[in-house]
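Undergrad:
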Amino acid sequence: MTPPATTLRPLQEADLAQLRHWRNHPEVRRYMYTRHEIGEAEHRAWFQRAQVDPHRHLLLAEREAQPFGFVNIQLEDAEAQRATWGFYLAPYAPRGSGQALGRAALAHAFGDLGLHKLCGDALAGNERSLRFHERLGFTREAHLRDHHFDGHTYHDVIGFGLLRSEWQAHQGA
1 MTPPATTLRP
11 LQEADLAQLR
21 HWRNHPEVRR
31 YMYTRHEIGE
41 AEHRAWFQRA
51 QVDPHRHLLL
61 AEREAQPFGF
71 VNIQLEDAEA
81 QRATWGFYLA
91 PYAPRGSGQA
101 LGRAALAHAF
111 GDLGLHKLCG
121 DALAGNERSL
131 RFHERLGFTR
141 EAHLRDHHFD
151 GHTYHDVIGF
161 GLLRSEWQAH
171 QGA
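Straight run, no breaks: the sequence shown in the UniProt record's numbering ends on number 173.
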């Protein structure tokens, strides 16, 4: 049996409470650059800034109209068609949801947005995110030592990149 298709749709104001609940969950928050609990006013201000930024794409991943993840794609260089991405899953998303979210996000980035390159990063201790990027075909491009300070500890950051041609080849594999 084929699993239900994953779709991406623009984040809407009605989604904010659920998204903030996911983002504030301790298992999601522990791998973020900002680890404090995000209040409603802060969350709403972030959303309002993003809504007027034509280079930012806030997307909700769904299966059968049930949201299970979030993707943020930020165009960094329009001429070079290069963007960065961030993402997270609902804390109790079913197994395999990450790969479904990743495949849908990459199809959107390279297909719909026509990007040449998508970049991402992960804290070096976030093994799940490191493996996730590599399974999607990303290449480790940087190891930034003591790059992020969380208020208590310095963390290394691993930088990833994926070219459209690599993504296309990975699709055929």
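For every residue, glycine included, the Cβ atom is placed at its ideal position computed from N, Cα and C.
Please go through the same chain and pick out, in chain order, the residues whose beta-carbon is closer than 6 Å to the beta-carbon of G159, but skip the five residues on each side of it.
TA: As a first step, residue 159 is located in the sequence shown; it is residue number 159 there, counting from the start. These residues qualify, in order along the chain: D121, E141, A142.
Undergrad: Can you have a look at F70 and say buried or exposed, based on whether 16 or more other CB atoms are within 10 angstroms of its CB?
TA: One-based indexing of the sequence shown puts residue 70 at position 70. It counts as buried.
Undergrad: Excluding the five sequence neighbours on either side, which residues of its own chain have a C-beta within less than 8 Å of the C-beta of F47, listed in chain order?
TA: On the sequence shown, position 47 is the one that residue 47 refers to. L11, E13, L16, L58, listed in sequence order.
Undergrad: Contact defined as beta carbons within less than 8 Å: I believe G102 pairs with L136. What is the distance between those atoms, to the nearest angstrom?
TA: For the purposes of this step, residue 102 is taken as residue 102 along the sequence shown, with counting starting at 1. For the purposes of this step, residue 136 is taken as residue 136 along the sequence shown, with counting starting at 1. Right, the Cβ-Cβ distance comes to about 5 Å (below 8 Å), so this counts as a contact.
Undergrad: Please list, in chain order, all residues of the same chain as R164 whose beta carbon is under 6 Å from its beta carbon, the five residues on each side excluded.
TA: Here residue 164 refers to the residue found at position 164 when the sequence shown is read from its first residue. Same-chain partners within the cutoff: F110, H116.
Undergrad: Less than 6 Å between C-beta atoms, sequence neighbours within five positions excluded: which residues of the same chain meet that for P67?
TA: To locate residue 67, count along the sequence shown from 1; it is residue 67. Cβ within range, chain order: L60.
Undergrad: Give me the Cα-Cα distance between Y92 and T34, rounded to the nearest whole angstrom.
TA: Locating residue 92 in the sequence shown gives position 92, where the first residue counts as 1. Locating residue 34 in the sequence shown gives position 34, where the first residue counts as 1. Rounded to whole angstroms, Y92 to T34 spans 21 Å at the Cα level.
Undergrad: Would you give the residue range spanned by the alpha helix (DSSP H) that P26 belongs to?
TA: Within the sequence shown, residue 26 is the residue found at index 26, counting from 1. It spans 26 to 29 - the alpha helix (DSSP H) in which P26 sits, taken as one unbroken run.
Undergrad: If distances are taken between C-alpha atoms only, which option among R9, R145, E27 comes closest to H155?
TA: Mapped onto the sequence shown, residue 155 falls at position 155. For the residues R9, R145, E27, the minimum Cα distance to H155 belongs to R145.
Undergrad: Under 9 Å, do G172 and C119 count as touching if we go by C-beta distance?
TA: Taking the sequence shown and counting its residues from 1, one reaches residue 172 at position 172. Taking the sequence shown and counting its residues from 1, one reaches residue 119 at position 119. It is not a contact, given that the beta carbons lie outside the stated cut-off.
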